[in-house]
Amino acid sequence: MSTIIKPYPPARCLLYITSMIDRARAKRLAGLAITSVLLSACFDDGGDESSILRGDEAAARGDMDAALAEYRLAVRRGSDDAPALTRVAHTYAQMGRIDEAGEFYGRAVEEDPDFADQAVSDMVRLARAARDRDDLFGLTSAMEAAMSFRPGITMQDMALPLARQYFRSGEYAKALPYYQASIAAMQEDTLPDVVFEAGSAYDEVGDCRRALHYYEQYRRLISRYQRSEVDWKIGSCSQRLARDLRDEGEDEEALFHIERTIELGEPRSDQASAYVEMAEILSDLGRCQDAMDAYDQVGRVDQTGTSPFVDLARWRYDQLRFQGPARGGLGTGC
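The opening position of the sequence shown corresponds to residue 114 in my numbering, with each subsequent residue numbered one higher.
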């Protein structure tokens with residue numbers, strides 16, 4: 114038998130043997146003997162070869178618990194080279210145990226990077242199985258392990274589940290590239306909810322400019338009767354972005370965004386402050402009458418009747434009306 118069986122490259126060998134195990138189950142002892150020899154041909158093992166051989170035989174007959182026990186025994190007795198560690202990892206993967214498979218594949222790949230492809234294959238298979246049973250935590254764990262072996266690996270069918278799991282766990286920055294990949298893959302068939310979630314993730318990390326891009330896209334995809342939540346988010350994010358832009362001296366762009374907050378009328382509780390901020394920008398731009406008109410609206414939109422913005426708006430309105438251009442830092446335009 115040994116004269117006709119050639120060793121397979123380790124990273125491909127276990128994939129081949131997995132198919133042989135199924136044949137061995139059907140053909141009983143004859144298949145078992147063949148599969149055992151094939152398993153032994155995969156690697157040049159050191160350490161406790163008898164435990165490894167017994168593990169191979171147990172794996173061939175489908176007794177994964179016995180196989181795992183033998184492989185673990187071999188590792189404890191000194192067979193801690195990459196082939197032995199990979200046997201342990203692959204057995205854990207066959208049993209659906211994600212964390213243990215990832216741990217032992219990590220040790221194996223550290224010993225011999227040639228096993229990375231086998232590790233990725235098993236971990237991606239585990240990730241898909243986790244996705245199919247709605248185990249998003251298992252999906253994330255398996256894919257993180259796969260990406261540790263092949264950084265940058267992308268699986269389009271995994272992008273959205275990964276994005277949502279990271280989003281739900283509050284890891285918004287990690288969620289973003291997966292939302293981007295998911296939306297890119299959908300192209301014309303983009304789901305509105307996915308677009309909204311992407312915007313919310315950008316919002317959570319403080320990137321209102323990109324958040325607004327997705328919020329506005331989502332708003333166009335839904336009916337006007339469904340827009341209350343996204344209008345609130347657009348209004349809030351626009352006001353925050355306007356403040357940042359004003360601090361940077363970008364008054365024209367700041368005005369565009371604060372006007373969007375006022376146009377949508379959301380958040381309602383912030384409309385008084387939004388009109389004051391718009392008036393101040395207009396004043397700085399030298400648009401004095403427009404600034405006065407904006408100040409004049411503060412009392413109308415104030416919901417409390419006691420807002421300090423009302424008093425501020427009246428004072429600034431009177432200043433512009435009766436005193437003319439301000440001197441001393443109240444705006445370079447009016």
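Don't be surprised by glycine CBs; every beta carbon is placed ideally from N, CA and C.
Fill in: Assigned exposure category for Ser484 - 16 Cβ within 10 Å defines buried
Lying before the first or after the last residue shown, residue 484 is absent from the chain, which here runs from 114 to 447.
Discussion item. Once DSSP output is grouped into helix, strand and coil, what is the label at Val201?
Written reply: helix
Worksheet item: Distance, Cα to Cα, Asp230 vs Thr303?
Response: 32 angstroms
Item to complete: Apply the 10 Å Cβ neighbour rule to Ala297 and answer buried if 16 or more other Cβ atoms are within range, or exposed otherwise.
Response: exposed
Discussion item. Would the region 330–343 count as touching the region 313–320 if we require 3 or more Cβ pairs under 8 angstroms?
Written reply: no
Worksheet item: Which residue comes first and which comes last in the alpha helix (DSSP H) that contains Ile266?
Response: That residue, Ile266, is in no alpha helix (DSSP H); it is neither H nor E in DSSP.
Worksheet item: Given Ser351, which residues of its chain have a CB within under 6 angstroms of its CB, disregarding the five upstream and five downstream residues?
Response: His370, Arg373 and Thr374
Worksheet item: If we count the other Cβ atoms within 10 Å of its Cβ and call it buried at 16 or more, is Asp397 buried or exposed?
Response: buried
Fill in: Simplified DSSP assignment, three categories, for Leu304
coil
Fill in: Element boundaries [alpha helix (DSSP H), containing Gly348]
Ser341 to Asp360
Practice prompt. Inspect the CB distances between the region 316–330 and the region 347–367 and report whether three or more fall short of 8 angstroms.
Written response: yes
Fill in: Option nearest Asp406 by Cα separation, candidates Thr419, Asp415, Ala182 and Met391
Met391
Worksheet item: Do Met268 and Val237 have their C-beta atoms closer together than 8 angstroms?
Response: yes
Worksheet item: Where do the N-terminal and C-terminal ends of the alpha helix (DSSP H) with Leu433 fall, by residue?
Response: Run containing Leu433: none; DSSP gives neither H nor E here.
Discussion item. Suppose you measure from the CA of Gly412 to the CA of Asp424; what does that come to, to the nearest Å?
Written reply: 9 angstroms
Fill in: First and last residue of the uninterrupted alpha helix (DSSP H) at Met236
Ala229 to Asp245
Discussion item. The ligand FMN and Asp360: does the residue's C-beta get closer than 7 angstroms to at least one heavy atom of that ligand?
Written reply: In the structure shown, the ligand FMN is absent, as is every other ligand, since no ligand is present at all.
Discussion item. Between the alpha carbons of Glu365 and Tyr388, how many angstroms are there, rounded?
Written reply: 15 angstroms
Worksheet item: What are the uninterrupted segments assigned as alpha helix (DSSP H) that are 4 or more residues long and contained completely in the region 363–414, given in chain order?
Response: 364–377, 384–397 and 401–414
Fill in: Proximal residues to Thr417 (C-beta, below 6 angstroms), its chain only, five neighbours per side dropped
none
Discussion item. Could you check whether Gln293 and Leu252 sit closer than 8 angstroms to each other, using their CB atoms as the reference points?
Written reply: no
Fill in: Buried/exposed call for Ser386, threshold 16 Cβ in 10 Å
buried
Worksheet item: What does a CB cutoff of less than 6 angstroms around Tyr291 pick up in its chain, not counting 5 residues either side in sequence?
Response: Ala272, Leu275 and Ala276
Practice prompt. May I ask you to report which of helix, strand or coil DSSP gives Gly283?
Written response: coil
Worksheet item: Given Arg138, which residues of its chain have a CB within under 6 angstroms of its CB, disregarding the five upstream and five downstream residues?
Response: In this prediction, Arg138 has a pLDDT of 48, which is less than 50 and means its spatial position is unreliable; what the coordinates show is noted afterwards. Within the same chain, Arg138 has close Cβ partners Gly175.
Worksheet item: Can you give the beta carbon distance from Ile165 to Ala187, rounded, assuming they're within the 8 angstroms contact cut?
Response: 5 angstroms
Fill in: Exposure of Arg246, with buried meaning 16 or more beta-carbon neighbours within 10 Å
exposed
Worksheet item: Looking at the structure shown, is Ser149 part of a helix, part of a strand, or coil, going by DSSP?
Response: Caution is warranted here: a pLDDT of 48 is assigned to Ser149, below 50, making its placement in the model unreliable, and no coordinate value can be reported.
Practice prompt. Measure from the alpha carbon of Asp212 to the alpha carbon of each residue in Leu433, Leu395 and Ala232, then state which is nearest.
Written response: Ala232
Worksheet item: Alpha carbon to alpha carbon, how far is Asp320 from Gly399?
Response: 30 angstroms
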